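First residue of the sequence shown: 1, per UniProt numbering; consecutive thereafter.
Glycine residues also receive a C-beta, built at the ideal position from the N, C-alpha and C atoms.
Here the structure is a predicted model, which is why all the values come from computation and not from measurement.
What follows is a set of notes on a single structure, which appears directly below.
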Amino acid sequence: MTNGRIIQVLPTISYGDAVSNHVLQIRDICRQSGWNTAIYAENIDPRIAEVERIGNLSRDMRRQDIIVYHMSTGSSVTELVASLPVDRKVMIYHNVTPTEYFTRYNYNMATLVSQGREQLKKVSSAFRLALADSEFNRAELEAAGFRKTGVLPLWLHDDKYESEPDAAILERYLDGRTNILFVGRIVPNKKQEDLIKSFYYYKKLFNPSARLLIVGSWNGMEEYLRDLHKFASYLELEDVVFTGHVSDSELLAYYKVAHIFLSQSEHEGFCVPLLESMRFGVPILAYSVAAIPDTLGTAGLKFSEKDYPSIAALMDIVSKRKDIYIKLIESQKERLKSFDESHITNKFWQYINSL
1 MTNGRIIQVL
11 PTISYGDAVS
21 NHVLQIRDIC
31 RQSGWNTAIY
41 AENIDPRIAE
51 VERIGNLSRD
61 MRRQDIIVYH
71 MSTGSSVTEL
81 VASLPVDRKV
91 MIYHNVTPTE
101 YFTRYNYNMA
111 TLVSQGREQL
121 KKVSSAFRLA
131 LADSEFNRAE
141 LEAAGFRKTG
151 VLPLWLHDDK
161 YESEPDAAIL
171 ERYLDGRTNI
181 LFVGRIVPNK
191 KQEDLIKSFY
201 YYKKLFNPSA
211 RLLIVGSWNG
221 MEEYLRDLHK
231 FASYLELEDV
241 VFTGHVSDSE
251 LLAYYKVAHI
261 FLSQSEHEGF
271 CVPLLESMRF
281 GVPILAYSVA
291 AIPDTLGTAG
301 LKFSEKDYPS
311 IAALMDIVSK
321 RKDIYIKLIE
331 SQKERLKSFD
341 ESHITNKFWQ
351 YINSL
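The following block contains the structure:
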């Protein structure tokens, strides 16, 4: 199709990570459209094939290539990409979490995200186009000085969700009890302590046998995890489960056993688990801040204040009122159509062709 290639670059590519999944999806659609394509990263998960070392990028690239850089944290890779002598450079911005969420628990992470926010402003003139996965993220790009911006949402790749759910998890948690689910890394901006607060009132006031399933890894956030365990113990809650990192089949099983997806995160650039909940028919209750309203649209049930007894009451209503439950599921199914793969793929090519 072209003498150039579409080269994607990111600091770290990890198995199961939302940004990494997006990179692999773009690689697939590039190949399907006849483009030569490559991925370069500084840190490479050995489970992901066909990724080149970042040190080879300057040697391998050609001026006619298109560089697509995925930014979600601070890294020397950002300034390397900005300095490359390539005319067509695109940033896809997945948001950089504000520093204050990390200062208490991980100094290195705090330093990286602080660096990332500074770099975003510094490199704005180096990219011909900057895309974001939500309008919330796009507004940050505009504020940072990027001249041409657009929105390219994430989407779900069906192949990931068509395997068999983990049988052991299904057997363990399909026991007649109500399962409240949250999926996401154990990090302070996702406010897992607020999930525990709402869950405390839900158990105390409405459903003593309920269970809270918090699915996600905690690498680098061990101290925060300890604080969450201590808080649950202080409240004498025995039914708060932290799963750690899970496989695809285990993740499917957790969605299959869930009755409600509850998010009280304070900072999200998109929130893929909202799409996953839509796909699996799990009603969503979410704190409506950052990119959450962009992703949900009119779907799900959003709240603007963290009144924990009131959130617990909403959970009770959703679990008991079949008419409301069905209405939420229908609104979510309709919203999911906005994230159709073919529609977003067409948008991607429109952006590429505009360069």
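The continuous alpha helix (DSSP H) containing S198 extends over residues 192-205.
Residue state for I44 is assigned as strand, using DSSP reduced to three classes.
Residue burial is scored here from C-beta neighbours: E171 has fewer than 16 other C-beta atoms within 10 angstroms and is therefore classed as exposed. Secondary-structure assignment with DSSP links Q8 through a beta bridge to I39, V68. Here the alpha carbon of V272 sits roughly 20 Å from the alpha carbon of M91. For F348, the enclosing alpha helix (DSSP H) begins and ends at 341-353. In the DSSP assignment, S304 falls outside any beta strand (DSSP E) and carries neither an H nor an E. Counting C-beta pairs closer than 8 Å gives three or more between the stretch 221-233 and the stretch 105-117, which meets the contact rule.
R138 is classed as buried because its beta carbon has at least 16 other beta carbons within 10 Å across all chains shown.
Under a 10 Å Cβ-count criterion, S265 is classified as buried, with 16 or more other Cβ atoms of the shown protein chains found around its own Cβ. Pairing L154 with H22 gives a Cβ-Cβ distance under 8 Å. The DSSP-derived three-state label of A49 is coil.
Ranked by Cα distance from V81, the options R211, K320, P11, L355 are led by P11.
As computed with DSSP, L181 is found in a beta bridge with L213, F261. Secondary structure of Y287 (DSSP, three-state): strand. Apart from the 5 residues on each side of it in sequence, V96 sits with its Cβ closer than 8 Å to the Cβ of M71, S72, T73, G74, V113, G116, R117, L120 in its chain, given in chain order. Three or more pairs of CB atoms, one per stretch, sit closer than 8 Å, so the stretch 309-324 contacts the stretch 186-201. Non-local C-beta neighbours of T99 in its own chain, meaning closer than 8 Å and more than five positions away in sequence, comprise A110, V113, S114, R117, ordered along the chain. In this structure, Y287 places its C-beta atom within 8 Å of the C-beta atom of S263. Of the candidates N219, K256, F261, the residue whose Cα lies closest to the Cα of K302 is F261. Put simply, of K337, M278, K204, V289 the residue whose alpha carbon is nearest the alpha carbon of Y325 is M278. Taking a cut-off of 8 Å on C-beta distances, the stretch 209-221 does not touch the stretch 285-300, as fewer than three cross pairs fall below it.
Pairwise C-beta distances place the stretch 204-212 in contact with the stretch 228-246, as three or more of them are shorter than 8 Å. For the pair D248 and Y161, the Cα-to-Cα distance works out to about 8 Å. Secondary structure of R138 (DSSP, three-state): helix.
When DSSP states are grouped into helix, strand and coil, I29 belongs to the helix group. The stretch 122-129 makes contact with the stretch 143-153: 3 or more CB pairs, one atom from each, lie closer than 8 Å.
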